[in-house]
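Student:
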C-alpha cells in the first residue's frame, strides 16, 4: 500500500488548495474489520519526503505500534490504510481554540513527575468518538500518560497546537484491484498472487 499511496498522493497534492509540498508531516493509520477498529497509527510531525515517509510509517504503524501486536498476513484482507498529510499548524493560547472535526490537536504538558510529554489526535478522532473539547483534551492527557486528577487549572497549562490534514483511505481489496488493473495494463496475462507483502 505504501508504494501505491506514494504515487496516488503525488498525483493529488498539486490539486489541493493550498498546494501541499511533497516534503510534509504525515501519519499512517490502519483499521480492521467491518467496524474499522484501530489497528495501528504512527506518524511524524517532522516534514519528510512523501515517498520515504510513507514507506517508513506504513510499516512502522503496522508492525511497531506498542498498543497492538504486529500485523499478521491473515489480517490483510480486512485492513484499511489511511494516510493523513498534516498542514496548517497553528500554536494557540487557549486550549479550547480548535474545532471538533476540523482540527487535529497536539498537546504538550508537564506530567505529575515533572516530565514534559506530548500527545496528538488527528482531526477525525474526536468527531468519530462523539467527544466535546474537554473530553478530547482529557482523553489525550491520559493517552500521553498523565495519571493525576485533571483540573481546569491544569488544562490551562497545556500548550496546544492545532492543525489540519488531507486524508486518503484505501482498503486492501481496493489495493489488490488497483495492482491487478495495473498488472494487466502492462500486458502480463495472469493475476498477481495475493498476500505477497504488507505495504
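In my numbering, the protein residues as written are 379 to 577.
For every residue, glycine included, the Cβ atom is placed at its ideal position computed from N, Cα and C.
#1: For residue 520, tell me which candidate among 413, 432 and 485 has the shortest Cα-Cα distance.
#2: Could you pull the start and end residues of the alpha helix (DSSP H) that residue 528 belongs to?
#3: Pop quiz: residue 533 and residue 515 are said to be a contact at Cβ under 8 Å. What is the actual Cβ separation, rounded to whole angstroms?
#4: Excluding sequence positions up to five away, which residues of its chain have a Cβ less than 7 Å from the Cβ of residue 531?
#5: Can you pull the DSSP bridge partners for residue 402?
#6: Give the straight-line distance between the Cα atoms of residue 408 and residue 414, rounded to the nearest whole angstrom.
#7: Relative to the alpha-carbon of residue 444, which residue among 489, 416 and 525 has its alpha-carbon at the smallest distance?
#8: Residue 480 by DSSP, collapsed to three states: which one?
Tutor: Looking at the coordinates:
#1: Looking up residue 520 in the chain shown gives position 142. For residue 520, the nearest C-alpha among the options comes from 485.
#2: Start at 1 with the first residue of the chain shown, and residue 528 comes out as number 150. First-last for residue 528: undefined, no H or E at that position.
#3: Mapped onto the chain shown, residue 533 falls at position 155. Mapped onto the chain shown, residue 515 falls at position 137. Yes, residue 533 and residue 515 are in contact; Cβ-Cβ is about 6 Å, under 8 Å.
#4: Numbered from 1 along the chain shown, position 153 holds the residue referred to as residue 531. None.
#5: For the purposes of this step, residue 402 is identified with residue 24 of the chain shown, where counting begins at 1. Paired residue(s): 426.
#6: As a working note, residue 408 is residue 30 in the chain shown. As a working note, residue 414 is residue 36 in the chain shown. Roughly 9 Å separates the two Cα atoms.
#7: Indexing the chain shown from 1 puts residue 444 at position 66. Nearest to residue 444 by alpha-carbon distance, out of 489, 416 and 525, is 416.
#8: As a working mapping, residue 480 is identified with position 102 in the chain shown. Residue 480: coil per DSSP, three-state reduction.
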